[in-house]
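Working notes, beginning with the structure itself.
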Amino acid sequence: MNKFIIIDHSIKDNSGHYLEYASRILYYSKELGFEPILLTNKLFKNYVPDNITVYPVYTKTFFENNFSKSSSIFVRICMQAKLFFNSFFGHSINGVIIIILKIILKKPVTKIFLTINRVLKEIYSLLRIKSIFLVLIASYEFLLEKAKHLANKDGGEDKDKNKYKNKIFRKTFTTAKKKFSKETFRILRKLNVSSKDVILIPTVEICELLGIADLIKNQPDFKKMNFHFIFRREFFDYTHSSDILAIRRIYNFYFSRVKFYCDNMHFYSDTKQLCELYNGLGFFNFDLLPIPIPIEPQKKVVKSNSPISFTYLGDARDEKGFQKLPYIVAELWKNYISNGKIRIFFQANFNCPKGEFNSASARLNLLRYPSDKVKLFLNSMSNNEYNNLLNNADIIIIPYESNNYKYRSSGILVEALSRLKTVLVPSGTWMAAELSQLHNTYHKYLLEKYEIGEKLNLLKYKWTTLSNNSVPQENNNILHYSSQMISTIFYKEKDASELVLFIEGLSIENPNILLIEIAEKNDDDESLNSKNIQIHLPKNTDNSVKLSISPDTSYFWIGIKTLSDNKSEISKIKVSFLKTNKDIPSDVNIGGEIYYDDDDMLNKATSLIENYQYYEDNAKQFLSDWSVFHTMDNFMKKILIDR
Amino acid sequence: MTMEKISAICVSDISLGFGSPQIMYFVKSIKKHLNLDNIKIYEPDQNERPIEHRNTNSINIERIYTEFPIYLLEGLLAYLPSVLDRLNFHKPQVIILSSPKLMMVIPFLKYKPKYIVCLMLESLEFLLENLSAWKKIILISALKIIKNKVDLFIFPEENRAILDTNIINIDPSKIKIVYNAANKKNLTLDDCLKNRKKIILYSGSISEDSFLNYMLEYNSSNVIIELFGIFEGKNKNKNKKNFYNYNHNLIYSGYLSAMQLNERRKQYAYSICMWRPTDNHLLYAAPNKFFESIADGVVPIVAPHPQCKLIILKYKCGILLKDWSYQSFKEALDYANAIYGTDTYYELVKNCLQASNEEVNWEHQFYHIKENLSECNFLN
Chain A
15 MNKFIIIDHS
25 IKDNSGHYLE
35 YASRILYYSK
45 ELGFEPILLT
55 NKLFKNYVPD
65 NITVYPVYTK
75 TFFENNFSKS
85 SSIFVRICMQ
95 AKLFFNSFFG
105 HSINGVIIII
115 LKIILKKPVT
125 KIFLTINRVL
135 KEIYSLLRIK
145 SIFLVLIASY
155 EFLLEKAKHL
165 ANKDGGEDKD
175 KNKYKNKIFR
185 KTFTTAKKKF
195 SKETFRILRK
205 LNVSSKDVIL
215 IPTVEICELL
225 GIADLIKNQP
235 DFKKMNFHFI
245 FRREFFDYTH
255 SSDILAIRRI
265 YNFYFSRVKF
275 YCDNMHFYSD
285 TKQLCELYNG
295 LGFFNFDLLP
305 IPIPIEPQKK
315 VVKSNSPISF
325 TYLGDARDEK
335 GFQKLPYIVA
345 ELWKNYISNG
355 KIRIFFQANF
365 NCPKGEFNSA
375 SARLNLLRYP
385 SDKVKLFLNS
395 MSNNEYNNLL
405 NNADIIIIPY
415 ESNNYKYRSS
425 GILVEALSRL
435 KTVLVPSGTW
445 MAAELSQLHN
455 TYHKYLLEKY
465 EIGEKLNLLK
475 YKWTTLSNNS
485 VPQENNNILH
495 YSSQMISTIF
505 YKEKDASELV
515 LFIEGLSIEN
525 PNILLIEIAE
535 KNDDDESLNS
545 KNIQIHLPKN
555 TDNSVKLSIS
565 PDTSYFWIGI
575 KTLSDNKSEI
585 SKIKVSFLKT
595 NKDIPSDVNI
605 GGEIYYDDDD
615 MLNKATSLIE
625 NYQYYEDNAK
635 QFLSDWSVFH
645 TMDNFMKKIL
655 IDR
Chain B
27 MTMEKISAIC
37 VSDISLGFGS
47 PQIMYFVKSI
57 KKHLNLDNIK
67 IYEPDQNERP
77 IEHRNTNSIN
87 IERIYTEFPI
97 YLLEGLLAYL
107 PSVLDRLNFH
117 KPQVIILSSP
127 KLMMVIPFLK
137 YKPKYIVCLM
147 LESLEFLLEN
157 LSAWKKIILI
167 SALKIIKNKV
177 DLFIFPEENR
187 AILDTNIINI
197 DPSKIKIVYN
207 AANKKNLTLD
217 DCLKNRKKII
227 LYSGSISEDS
237 FLNYMLEYNS
247 SNVIIELFGI
257 FEGKNKNKNK
267 KNFYNYNHNL
277 IYSGYLSAMQ
287 LNERRKQYAY
297 SICMWRPTDN
307 HLLYAAPNKF
317 FESIADGVVP
327 IVAPHPQCKL
337 IILKYKCGIL
347 LKDWSYQSFK
357 EALDYANAIY
367 GTDTYYELVK
377 NCLQASNEEV
387 NWEHQFYHIK
397 ENLSECNFLN
């Protein structure tokens, strides 16, 4: 029987859904005739799933390998030295010791102590400089290699790189990479893995990739094995756009090393945005992999006359926006929670012993509420508990920090939408991009039913800057914009109650964020209402926004600019008017809403509750097709075809 | 010292009656909840604060004289041994400490009290701020050991609780959050609006940290701001000069005690509660005057300090600035001026009273720790 092996070295227990994800895939692989095997962290013991063979193999987790400050032995030495010097040679203790020495010992001994002090400080400075030097060398090596590759006509493999360059390769991530490599080798050897088996590593970064490359380099018979890597995060977390070029260089350096050993390596990511990012590096082809949801989507639990359940799922972590939840509860308390219209259910277990600062404070605050109205789940949840909570939820808030989730997926969004839940997500994230597509489908449906008048093509309008300079427009086909706002005006169609704005971008930088300001004006040029909207604008994707119109509006002022420093282009910006005769509530979409800042989050939460029935009634019609891609079938097809 | 059986002793780090009314509230609540006859408070002698012991409900308060002011290390080092002598003499079963720095008495007790409560009204971070590095290390090391003897830590705000917990590793099960809320007054809308004037109250220290510069810059003939308090800070003389040399709509009415302020507060339409968030102590403010304003139906105008923001969002009982900028301050005061006397204003006042009746009152806050205090039932 061929084996389907999942390597997830971060699985220590059942928290964070890593175990649930791996189990789901392995159970399905079993149905396809594979022998399911799971390789986990050494600390994993109590939650062994049935019918899956588990080997607790790995010493370090994904985070310890890639993001721990002590991931390389060199960095660890620097850190230990720094701690030592800070504690021993820090001002205060140093001063105390000198005073004691002065009182107790003779002068010459004090002098020797001070001299040693100075020498050791010099050594410490040198150590710090050396670590910076190492990174510079890595960048230099990449450039050198690139130049040689260009000069080399046959462009063939060159395994016999000179030893100096290999030394740099070996120095980086040395300990973690070696350990991962050794541990993987031992277990795969023990399992007698062959080229017909599948080895999937669903949470991987450079350290694991280098470890596998090292393994193949040392054990050439492993070159025929099928390794499947899923990259779920963008280049080293917390990169800002201005750093991408520098980080790309480092990644290219590592990828170029790996390329020599990777005949049967397959690369995936689970969002379009991440695939584009990694494909942009030009070394490997990253395929889009679905996020496999349970084979039979859970039926929505029908509750009559019970309060709406407002739910948060996931660990209580700062990057997941847990610290925003007290503000939502406070905002909703008076009109919805205290009178029992809604009930709050928040998963609130920490991913580390004391919890992160903001999340820990937020949890303390939420614990003050009566538990029959605001229920917190303080311990990590089993699969059954998690599924119950998800099935019973009506509105699910996913308040993740936009900076961290620009490219990254959220399994919770996929599960929520596939179970026809209503969601509230932040703009500028993958979740917002996915929800935008749903909204776009819905807006097109509304046009078929309610559109009146002519569609306005704003590309043909005259756009000016705020200082009244004209904006160049290429044959009325492309509109250029930047961080300087440009604007135009357009008139309202008579009797229109809503408008839909359609936008499509040409931006190469992915994703670009567009800020739109729309002001409604009456006949006397007075502003009636103005709204700020942010649109996540991936290349060549149709986006749309629906807005309600005041009856007294005569015309609109629209301004657009980008939130980044880069210039960009729009290839389509059209306005359609709707006359809905109050058939549908204003400012409501389907599937959920996207919020732009914390104040908007509170407003949208209120709006979701007020209009919840509309979201629920329309969920099946519009959401059923959305999750068609994210099935286990599609997931397995991708992996097995690539094998 | 006379030999009397004293079940519980509270050690205060400030002279009572001028700030931190929670110390008195807590002692009274403990007395009532545990049905104690004998409970005593020791307070230091602060020269600028006369004895202010009205309405103490037969709680015995003793003022302890020290040569140096209590806020100096020398003063504290003189105060603690005097307190220690008294504690070792009376051997109360329950000890209440009003500040983490008072925990230093615990290792020197010659007996084992059954229950020790520490009111963390001042954050540890704030206390450690001005200490030299070696003093910090020694104090933190000492507190890390002593904290194990304390049974309950009461914090006025969640973020402060987490910050202090991280400094000395307090066991989370020993932490309770109790807001600095005022006593419930059961006021009606008419009670509040009876003598109300369209004046904004500011009470407290007057300096750049409390945005004196914004108040001076905001010059609107429709808005009067009346200030009570003391000019403080590095530039206090310059600020006083500015205050008296420029035309503005501010009235300075000197310094009032907490009691006097309580009697007058209801006359004011609004009360300003905001501090420059230069450190965590000011950012995570849990200000008495915010809660006192709510209790009196005086609509607070607040910067987005987390606790204040949460309460205003919850009860819609105040005007919340977007941030700490002058623009936000101006918009808030303009709004306050525009809505005074309208239904929107009366709604805000009603919401203040509702907040005070439902949750933002001392009695309700004390409820959060009643369960913990059941361990003190040995006293009955």
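Line by line, the protein sequences are chains A and B.
The opening position of the first sequence corresponds to residue 15 in our numbering, with each subsequent residue numbered one higher.
The opening position of the second sequence corresponds to residue 27 in our numbering, with each subsequent residue numbered one higher.
All C-beta atoms in this analysis are idealised placements derived from N, C-alpha and C, irrespective of residue type, glycine included.
Using CA atoms only, rank isn't needed, just tell me which of the options is closest to residue i.
i                : options                                   : result
Lys117 (chain B) : B:Tyr91, B:Val325 and B:Lys31             : B:Lys31
Asp322 (chain B) : B:Asn265, B:Gln72, B:Lys376 and B:Ile166  : B:Lys376
Tyr610 (chain A) : A:Ile356, A:Gly369 and A:Ala447           : A:Ala447
Lys348 (chain A) : A:Gln233, A:Ser497, A:Asp539 and A:Thr620 : A:Thr620
Asn288 (chain B) : B:Glu258, B:Ile320, B:Tyr141 and B:Leu113 : B:Ile320
Asn278 (chain A) : A:Phe298, A:Leu381 and A:Lys286           : A:Phe298
Gln287 (chain A) : A:Tyr419, A:Val439 and A:His644           : A:Tyr419
Lys596 (chain A) : A:Ser511, A:Asp539 and A:Asp235           : A:Ser511
Phe94 (chain B)  : B:Ile85, B:Ser84, B:Leu106 and B:Asn86    : B:Leu106
Ile142 (chain B) : B:Ser382, B:Ser84 and B:Ile56             : B:Ile56
Asn393 (chain A) : A:Tyr275, A:Ala362 and A:Arg200           : A:Ala362
Leu223 (chain A) : A:Phe236, A:Asn206 and A:Phe241           : A:Phe241
Tyr97 (chain B)  : B:Phe152, B:Gln293, B:His59 and B:Ile201  : B:Phe152
Asn353 (chain A) : A:Ala227, A:Ile322, A:Leu577 and A:Thr217 : A:Ile322
Who are the Cβ neighbours of residue i in its own chain at under 7 angstroms, not counting the five residues just before and after it?
i                : result
Ile6 (chain A)   : Residue coverage of chain A in this structure runs from 15 to 657, which leaves residue 6 (chain A) outside it and unanswerable.
Glu507 (chain A) : Ile466, Gly467 and Phe591
Glu429 (chain A) : Ile307 and Leu404
Ser564 (chain A) : Glu534, Leu542 and Asn543
Ser416 (chain B) : Limits of chain B in this structure are 27 at one end and 406 at the other, which puts residue 416 (chain B) out of reach.
Ser396 (chain A) : Asn28
Am I right that residue i and residue j are in contact with their C-beta atoms under 8 angstroms? What's the rounded C-beta distance?
i                : j                : result
Ser558 (chain A) : Phe516 (chain A) : 5 angstroms
Leu40 (chain A)  : Glu345 (chain A) : The pair is not a contact, with the Cβ atoms about 43 angstroms apart (cut-off 8 angstroms).
Asp408 (chain A) : Glu370 (chain A) : Actually they do not touch by this definition, with Cβ atoms about 28 angstroms apart.
Ser375 (chain A) : Glu184 (chain B) : 4 angstroms
Ala312 (chain B) : Asn206 (chain B) : 5 angstroms
Ile572 (chain A) : Thr502 (chain A) : 6 angstroms
Cys343 (chain B) : Cys378 (chain B) : 4 angstroms
Leu276 (chain B) : Leu242 (chain B) : 7 angstroms
For residue i, count neighbouring Cβ atoms within 10 angstroms of its own Cβ and tell me buried if that reaches 16, exposed if not.
i                : result
Pro28 (chain A)  : Rather than Pro, the amino acid found at residue 28 (chain A) in this sequence is Asn. Asn28 (chain A) is buried by the Cβ-count criterion.
Lys170 (chain B) : exposed
Met15 (chain A)  : exposed
Thr436 (chain A) : buried
Lys173 (chain B) : buried
Asp22 (chain A)  : buried
Ser167 (chain B) : exposed
Val642 (chain A) : exposed
Ala364 (chain B) : exposed
Leu637 (chain A) : buried
Please list, in chain order, all residues of the same chain as residue i whose beta carbon is under 6 angstroms from its beta carbon, the five residues on each side excluded.
i                : result
Val547 (chain A) : In the sequence on display, residue 547 (chain A) carries Ile and not Val. Result list for Ile547 (chain A): Ile530 and Val559, in chain order.
His470 (chain A) : The amino acid at residue 470 (chain A) is misidentified as His; the sequence shows Leu. So the list reads Phe504 and Val589, once near-sequence residues are dropped.
Pro50 (chain A)  : Phe18, Leu40, Ser43, Lys44 and Ile66
Arg68 (chain B)  : For clarity, residue 68 (chain B) is Tyr in the given sequence; the question names Arg instead. Val37, Glu88, Ile90 and Val109.
Cys289 (chain A) : Ser283, Phe300 and Leu302
Leaving out five residues on either side along the sequence, give the residues of the same chain with a beta carbon under 8 angstroms from the beta carbon of residue i.
i                : result
Asp284 (chain A) : Ile244, Arg246, Leu302, Leu303, Pro304, Ile305 and Ser423
Leu145 (chain B) : Gln48, Ile49, Phe52, Ile122, Leu123, Ser124, Ser125 and Ile180
Glu583 (chain A) : Ile492, Leu493, His494, Tyr495, Gly519, Leu520 and Ser521
Ser4 (chain A)   : The structure shown has nothing for residue 4 (chain A), since chain A only spans 15 to 657.
Using a cut-off of 8 angstroms between C-beta atoms, extract the partners of residue i located in chain E.
i                : result
Glu318 (chain B) : Among the protein chains of the structure shown, namely A and B, there is no chain E.
Below 8 angstroms, can you find three or more Cβ-Cβ pairs linking the stretch 402-414 of chain A to the stretch 326-340 of chain A?
yes
Is it the case that the stretch 603-618 of chain A contacts the stretch 268-276 of chain A, given that we only count it when at least three CB pairs across the two stretches are under 8 angstroms?
no
Report yes or no: do three or more beta-carbon pairs, one from the stretch 373-387 of chain B and one from the stretch 329-336 of chain B, lie closer than 8 angstroms?
no
Given 8 angstroms, three or more beta-carbon pairs between the stretch 341-355 of chain B and the stretch 283-303 of chain B:
yes
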